[in-house]
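One structure is given below, encoded as structure tokens.
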Amino acid sequence: VIEEINGLVSNGTKEVILAGINTGTYGQDLGNINLAKLIERIMEETKIYRLRLSSIELMEITEELLSTLKKYEHRIANHLHIPIQGGSEAVLRRMNRKYTIAEYEAKINAIRKLFPDIALTTDILAGFVGETEEEFNETISFINKIKFYEMHVFPYSRRANTKADEMDGHLDKKVITARAKQISETANKLKLDYINNYIGKSLDVLVEAKKGNLWHGHTSNYLDVYFESNAELENKIVKIKLVEYQNDKILGEMEEMYE
13 VIEEINGLVS NGTKEVILAG INTGTYGQDL GNINLAKLIE RIMEETKIYR LRLSSIELME
73 ITEELLSTLK KYEHRIANHL HIPIQGGSEA VLRRMNRKYT IAEYEAKINA IRKLFPDIAL
133 TTDILAGFVG ETEEEFNETI SFINKIKFYE MHVFPYSRRA NTKADEMDGH LDKKVITARA
193 KQISETANKL KLDYINNYIG KSLDVLVEAK KGNLWHGHTS NYLDVYFESN AELENKIVKI
253 KLVEYQNDKI LGEMEEMYE
């Protein structure tokens, strides 16, 4: 990993994402390394401008990992993607998830204590087997309580040879679709609330590409910002003042180019 990142940095790469299946369990088969220690080494042995973590399960976020993220917060993206899947205790049990609603909320609170402005994104499944109206409302309530920045919403779909397929209580597709729609609408409102906190503020953006006449790139906290400039800015770091959120785009004005 260190060798690959150093090779990328030497070719101009400024952001690397650590991605994998069960990312947080990295090193458990080796015994002498874990995700926190890997990140520590990346920070010490490479000059990567920004490191971002991909999806990580709640129970994989240890105190050691949070301490490491805090230690290097100026170089690690202020963003975590933590799947929730369901916002009802009963639904989580039926899904055989390894955490409770209380544990999820407690971990989110611990994360926000260290990183008050962090962008938290998640995955959620709508209409799981046996989901009652009450359980669905619990999910909506929990989503609003946590205030995710972005949510990937998936309608439950039946798959053969799964434990869920053998359960009683499969919902009508129309009900599943309607619930997914309602969750998506809630997610859009929460996203708007989060973005509005940054309108009028200036943030550093790593520019990725030009779409039409607008450059765009991401901030540390995963805001995808669009702005005008005649300069060649691909892979540059610029300071952008966020002006407005319009037509699903965060629009800004360039104030400074660092390099």
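FYI, the numbering for the sequence shown is 13 to 271, going by the numbering used here. Idealized CB from N, CA, C, for every residue including glycine. The structure displayed is predicted, hence computed values, not measured ones.
Are the region 98-115 and the region 137-156 touching, with three or more C-beta to C-beta distances below 8 Å? yes
What do you get for residue 171, buried or exposed, if any count of 16 or more other CB atoms within 10 angstroms of its CB means buried? Along the sequence shown, read from residue 1 onward, the residue named residue 171 stands at position 159. Exposed: under 16 other Cβ atoms inside 10 Å.
Going by CA-CA distance only, name the one from 97, 98 and 22 that's closest to residue 58. Translated into positions along the sequence shown, residue 58 becomes position 46. Residue 58 has its Cα closest to that of 22, out of 97, 98 and 22.
Quick one: grab the DSSP three-state call for residue 163. What you label residue 163 is simply residue 151 of the sequence shown in a count that begins at 1. Here residue 163 sits in strand by DSSP.
Please state whether the Cβ-Cβ distance between residue 234 and residue 91 is less than 9 Å. Sequence index remark: in the sequence shown, residue 234 carries index 222 (1-based). Sequence index remark: in the sequence shown, residue 91 carries index 79 (1-based). Contact: yes.
Sort out for me which residues DSSP pairs residue 258 with in a bridge. Locating residue 258 in the sequence shown gives position 246, where the first residue counts as 1. Its beta-bridge partners are 261.
Could you pull the DSSP bridge partners for residue 249 from this structure? Locating residue 249 in the sequence shown gives position 237, where the first residue counts as 1. According to DSSP, which records beta bridges pairwise, residue 249 is partnered with 218.
When the Cα atoms are used, what is the spatial distance from residue 274 to residue 168? There is simply no residue 274 to check, as the chain begins at 13 and stops at 271 in what is shown.
In angstroms with no decimal places, state the Cα-to-Cα distance between residue 173 and residue 93. Taking the first residue of the sequence shown as position 1, residue 173 is located at position 161. Taking the first residue of the sequence shown as position 1, residue 93 is located at position 81. Looking at the two C-alpha atoms, the distance is approximately 28 Å.
In or out: residue 116 buried (at least 16 other Cβ within 10 Å) or exposed? Sequence index remark: in the sequence shown, residue 116 carries index 104 (1-based). Residue 116 should be labelled buried.
Strand pairing of residue 236, partner residues [DSSP]: Position 224 of the sequence shown, counted from the first residue, corresponds to residue 236. 230, per the DSSP bridge assignment.
Cβ separation of residue 253 and residue 265, assumed to be a contact under 8 Å, to the nearest whole Å: The residue given as residue 253 occupies position 241 in the sequence shown. The residue given as residue 265 occupies position 253 in the sequence shown. Confirmed, Cβ separation roughly 5 Å.
Might you give, ordered along the chain, the residues of its own chain that have their beta carbon closer than 6 Å to the beta carbon of residue 164, omitting 5 neighbours on each side? As a first step, residue 164 is located in the sequence shown; it is residue number 152 there, counting from the start. Only 135 meet the Cβ criterion.
Between the region 53-67 and the region 16-31, do at least 3 Cβ pairs fall closer than 8 Å? yes
For residue 41 and residue 80, the rounded distance between their alpha carbons: Sequence index remark: in the sequence shown, residue 80 carries index 68 (1-based). Sequence index remark: in the sequence shown, residue 41 carries index 29 (1-based). Cα to Cα, the separation comes out at about 21 Å.
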